[in-house]
Ligand code: SF4
Ligand code: SF4
C-alpha cells in the first residue's frame, strides 16, 4: 500500500509516497508540489537582471545563485572573445561571502532541523532543543556577509569584473572580530573543543571524551543505529572550483576527474502527483552531493575514517556537515587575512550588449553543485537553466534506478526514513525554482 | 550594544527621517489614553501557552533596563509616535506574548522567514521567536505533515478572531491553483489562505511576493501569481513589502498592534507610513553626490571608488518608499547602496518588471505608481523629475568638463 506523507520544515514542502512491506520501506517516490517558473521569467531580460532575480530563487542560498549567475555571464564574455579578469581581492571576497552562506546554512540545519528531529526520534532528554542557538550563530555569519554584500538574504553585489563593494580597513577589522566571535560560539556551544584541534582529529576515538552538543549528537546517532542506516549510492560529486573544495567524482574512496558538461536533467518519476522537480544526473547516473561529497573529495582523514567504517550512512552524512562547518570557519579566517585592500574591487568590462554566446557558472552551494547555464544574444537572455544540488540528492527515480535519497530510505521504518531524508538537507524552493 | 541602540535611536528620530505625520496634541492625547487602557487590559490576560516572559529573557541575557528603554524609545520614533509613548511601547513589548501569530508560507523563497530569524534589537531573536506567540510556522516549527495540520487547526480554533496572520509568498492562481498545493489534502494555496484568513484579526502580508506578487508575478507570470490583497477582502490588511521585508518593520507592526489594537496608519498601497512614508533617496548616504551631480558611470570606475551616487547604474532610490537607508539590514550592518549596488525598488509594486536593475530610471519607462490618493506617493512623480533633472543637468556639465563620453548604458 502506498501512503502519502507531507514533509515541511524544509523550506517549502515535499510529498513522500511510501510503499511499505512488512513495516519496512520498500520504495519511496518524491514529489514537489510548488512551482514559480524562474527560468521562464529570465528569458528576454537583460542578462544583468539575472544577478538580481536568481538570488530570489532561494532565501537560503541566494548568494550561491548570484555567484553562479556572475560566473555564467563572465563565461559568456569569454566565449564571445572578451576575457573578464578579476582581482584576487574580488575573487577572495566572493569566495568568503559564499562560504559564510554555507556556514549559516549548516548552523541552522544543526539546530533547527537535525536536533529537533533527532530528539523526536529517540525521545532523549540529553540534547536541548535550542533553535535560537542556531539562529544566533547564523546571524553572526550573515552579519559578516552583509559587510561585503550589503544585506542577506538576497544580496546582489557581484558584477562581471568583480564586486561593487569598496570596503575599508575598518570594515575588514569588523569582519574579523565578528568571525572571531562566531568561531568562539561554535567552539563553546557546538564542538566543545577548538576548531583547530577538532580539525586535527583523525578518528572517533579523538572526540570520545567530549561532552558538547556535537558529542551528544554523535551518541544519539549511534544509539539510533544511524551508522548502519541511510546508505545511499556510495558515489559522490563535487563540481564547483574553489579553494575550500576539490572538484571530483568519488566512487567509494577513488577520485576521478569531472567535467560539468556531462550534467543533465530528466523528469522526476512521480506517478502519484504532479511534481515540478527535475532529476539531475552525471553521465546518466545519480550521485550524492553536498558536505559529505566535498569531504570525500577533499579526503579529510576523520570523514574518510568514518566512511571506511560506516560507509555513506546517515551518521557519516551528518558528521560531514558538522565537520565541514569547522573547516569553513578556519578557511574564512585564512581568507580574511589574505585580502589585500589596496587592490581594486572591480575591473571595468565592455558593455554587455556586445556579448552573444553561451556561458556556464558552477559553484558549490550549501547542498552541493549549483549550475547556471545561460544563452545570451546581444546582452539579452535567450534561455536560462538552473540545476540545483537537491535535484541530485532528492531526485525521484524508478525502483530500478533510485536516487541517493530514495536508496537511503530503503528497508527502514518510516520514522527512520523521514529522518534520513532530512540528513540530505532538503530544499524545496531551490529544487523546483 | 548600547552604542548600536543609540545609533538606531538617532536614525529613527532624526529630522530628515521623519515623514510629517504629526496629528496634533488632541489626537495623541486621545490615542495615549486608548493605548493605556488597552495595555492595562492586556496585563490582566494570561500569556499564551506559557511563553517566556520578556523580563526574564532580558535578565537572562544581561540586558539592562536602561538599554531596553533606549530600544523602546527608538521604536517609538520608528512608529512615529511622540516620545511620551515610550513607556507604553516598552509595556507593549513586555506583552508581546499576548499576541498569537500564525505564519503561512505560500509561493516564495523563504527569504522573509530567514530575515525574521535575523531580526534586530536587544537579542531580538528571543523577542520574536520566544516572546511573540508564533503559534504556527511551517518552516520554524518541529511538527510536519498531519501533525502540523492539526497544530494549525488548534491555533485557529483557540485564537479565533484574535490571531494576526502573517503571510509570506504570492498566491498562484493559474491552472486552478495547481502550481502550489499544501498539506496532505492537496488544498491549493489560495484555498488555504482564504481558510486561515477567515478568522484572523488582521492579515499582514510580508515581503514583495505576498504584497504585490513579487518575483513569481514577474512577466510572463508563469503561475498566475497575485498578492494577498488581490484575494483577501473585508479584513484589515497591512502590506510590508521589500525583498526581503525588513524584520524591524515586522516587529514594528506587531508592537503597534499590541499597543493600539489597530493597524498602523497606511498609505494607498496599504503600507505602514512609519516605514514607507519616505524614500530611500531622502536619507541616502550618497545623496550629497546626487545633488552635486557626481555619479558612478560604470562599476569599477573612479566614481565607484569614491562612493558616488548610483543613479546612473540603475539605483531606484529616488522613487522607492522604504526605510532601509535608515534601518539597514542584518542588525544594522549594511544595506545595498552601502556596497555600491543601486536600490532595485523592491518595495514597490511590480518592482521586477518596472524597476529592472541597471537601467537608470529615466530610460526605463517607469510611470508613477497609480491608484489611491496617498499624498507622498502622488507628489513624488513631480518632485522626482525636478530633482533628477537638476542632478543630471549638473552631471552633464561635470562630465563634459572631465571629457568623459556619455554612454547610454545597456538598455
Ligand atoms: S539615486 Fe540611489 S544612490 Fe543616489 S542618492 Fe538616491 S538613493 Fe542614493
Ligand atoms: S535598497 Fe531598495 S532594493 Fe534594496 S532592500 Fe531597500 S528598497 Fe529593496
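Residue numbers (this note's numbering), protein chains in the order written: chain A, 561 to 993; chain B, 5 to 415. Where a beta carbon is used, it is the ideal one built from N, C-alpha and C, also for glycine.
Which residues DSSP lists as bridging residue i, in chain order
i, result
"residue 244 (chain B)", "B:210"
"residue 172 (chain B)", "B:109, B:210"
"residue 924 (chain A)", "A:929"
"residue 584 (chain A)", "A:581"
"residue 186 (chain B)", "B:191"
"residue 276 (chain B)", "B:270"
"residue 827 (chain A)", "A:838"
"residue 576 (chain A)", "A:565, A:590"
"residue 718 (chain A)", "A:723"
"residue 219 (chain B)", "Residue 219 (chain B) pairs with nothing; no bridge assigned."
"residue 256 (chain B)", "Partner(s): none; residue 256 (chain B) has no beta bridge."
Residue i and residue j closer than 7 Å at C-beta
i, j, result
"residue 711 (chain A)", "residue 303 (chain B)", "no"
"residue 726 (chain A)", "residue 905 (chain A)", "yes"
"residue 830 (chain A)", "residue 589 (chain A)", "yes"
"residue 970 (chain A)", "residue 585 (chain A)", "yes"
"residue 442 (chain B)", "residue 31 (chain B)", "No information on residue 442 (chain B) is available, as it lies outside the stretch 5 to 415 that chain B covers here."
"residue 811 (chain A)", "residue 795 (chain A)", "yes"
"residue 864 (chain A)", "residue 791 (chain A)", "no"
"residue 321 (chain B)", "residue 350 (chain B)", "no"
"residue 655 (chain A)", "residue 720 (chain A)", "no"
"residue 3 (chain B)", "residue 179 (chain B)", "The structure shown does not extend to residue 3 (chain B), since chain B is modelled only from 5 through 415, so no value can be given for it."
"residue 632 (chain A)", "residue 932 (chain A)", "yes"
"residue 923 (chain A)", "residue 684 (chain A)", "no"
"residue 155 (chain B)", "residue 102 (chain B)", "no"
"residue 246 (chain B)", "residue 213 (chain B)", "no"
"residue 278 (chain B)", "residue 99 (chain B)", "no"
"residue 611 (chain A)", "residue 716 (chain A)", "yes"
"residue 617 (chain A)", "residue 598 (chain A)", "yes"
Close-in-space but distant-in-sequence residues of the same chain around residue i (CB under 7 Å, 5 per side omitted)
i, result
"residue 393 (chain B)", "Because residue 393 (chain B) carries a pLDDT of 36, less than 50, the predicted location of this residue cannot be relied on, and no value is offered for it."
"residue 409 (chain B)", "Model confidence at residue 409 (chain B) stands at a pLDDT of 34, short of 50, so the residue's coordinates are unreliable; what they give is reported in the following sentence. Taken in chain order, the list of residues that qualify is empty."
"residue 900 (chain A)", "648, 649"
"residue 257 (chain B)", "208, 242, 244, 268, 276"
"residue 698 (chain A)", "664, 667, 668"
"residue 210 (chain B)", "116, 170, 171, 172, 244, 249, 254"
"residue 645 (chain A)", "907"
"residue 880 (chain A)", "851, 852, 855, 863"
Cutoff 8 Å; reference residue i; Cβ partners in own chain excluding five residues on either side
i, result
"residue 782 (chain A)", "875"
"residue 940 (chain A)", "604, 605, 606, 607"
"residue 54 (chain B)", "Below a pLDDT of 50, predicted positions are generally treated as unreliable, and residue 54 (chain B), at 47, falls in that range; no measurement from the model is reported."
"residue 696 (chain A)", "745"
Cβ-based neighbour list, residue i, same chain, cut-off 6 Å, excluding 5 preceding and 5 following
i, result
"residue 985 (chain A)", "669, 927"
"residue 325 (chain B)", "280, 283"
"residue 980 (chain A)", "790, 874, 968, 969"
"residue 973 (chain A)", "none"
"residue 181 (chain B)", "192, 194"
"residue 815 (chain A)", "808"
"residue 977 (chain A)", "585, 969"
"residue 379 (chain B)", "Because the pLDDT at residue 379 (chain B) is just 31, under 50, the model does not fix this residue reliably, and the value given afterwards should be weighed accordingly. Contacts found: none."
Distance cut-off 6 Å: residue i Cβ against heavy atoms of ligand 3
i, result
"residue 340 (chain B)", "Ligand 3 is not part of the structure shown, which contains ligand 1 and ligand 2 as its ligands."
Can you find at least 3 beta carbon pairs, one from the region 655-667 of chain A and one from the region 759-778 of chain A, that sit closer than 8 Å?
no
In the region 296-309 of chain B, which residues sit with their C-beta less than 8 Å from some C-beta in chain A, listed in chain order?
302, 303, 304, 305, 308, 309
Using a Cβ-Cβ cut-off of less than 7 Å, give me the residues of the region 209-225 of chain B that come near chain A, in sequence order.
219, 220, 222, 223, 224
Along the region 685-714 of chain A, where does the CB come closer than 8 Å to a CB of chain B? Name the residues.
689, 691, 692, 695, 696, 698, 699, 702, 703, 705, 706, 707, 708, 709, 710, 711, 712, 713, 714
Should the region 871-891 of chain A be called in touch with the region 832-842 of chain A, which here means at least 3 C-beta pairs below 8 Å?
no
Between the region 891-900 of chain A and the region 843-858 of chain A, do at least 3 Cβ pairs fall closer than 8 Å?
no
Positions along the region 898-915 of chain A whose CB lies within less than 9 Å of some CB in chain B
904, 905, 906, 907, 908, 909, 911, 912, 913
Looking at chain B, which residues of the region 576-594 of chain A have a Cβ within less than 8 Å of any of its Cβ atoms?
593, 594
Closer than 7 Å, Cβ to Cβ, to anything on chain B: give me those residues from the region 845-858 of chain A, in chain order.
none
Under 9 Å (Cβ pairs) to chain A, residues found in the region 234-258 of chain B
247, 248
Return the residues of the region 595-618 of chain A that lie within a Cβ-Cβ distance of less than 8 Å from chain B, sorted by chain order.
595, 596, 597, 598, 600, 601, 605, 606, 608, 609, 611, 612, 613, 616, 617, 618
Chain A contacts from the region 331-351 of chain B (Cβ-Cβ distance under 7 Å):
333, 334, 335, 337, 338, 339, 340, 342, 343, 344, 345, 348
Output needed in chain order: residues of the region 715-726 of chain A with a Cβ under 7 Å from some Cβ in chain B.
716, 717, 719, 721, 722, 724, 725, 726
Any C-beta of chain A within less than 8 Å: which residues of the region 92-111 of chain B qualify?
109, 111
For the region 818-846 of chain A, list every residue whose C-beta sits within 8 Å of some C-beta in chain B, in sequence order.
833, 834, 836
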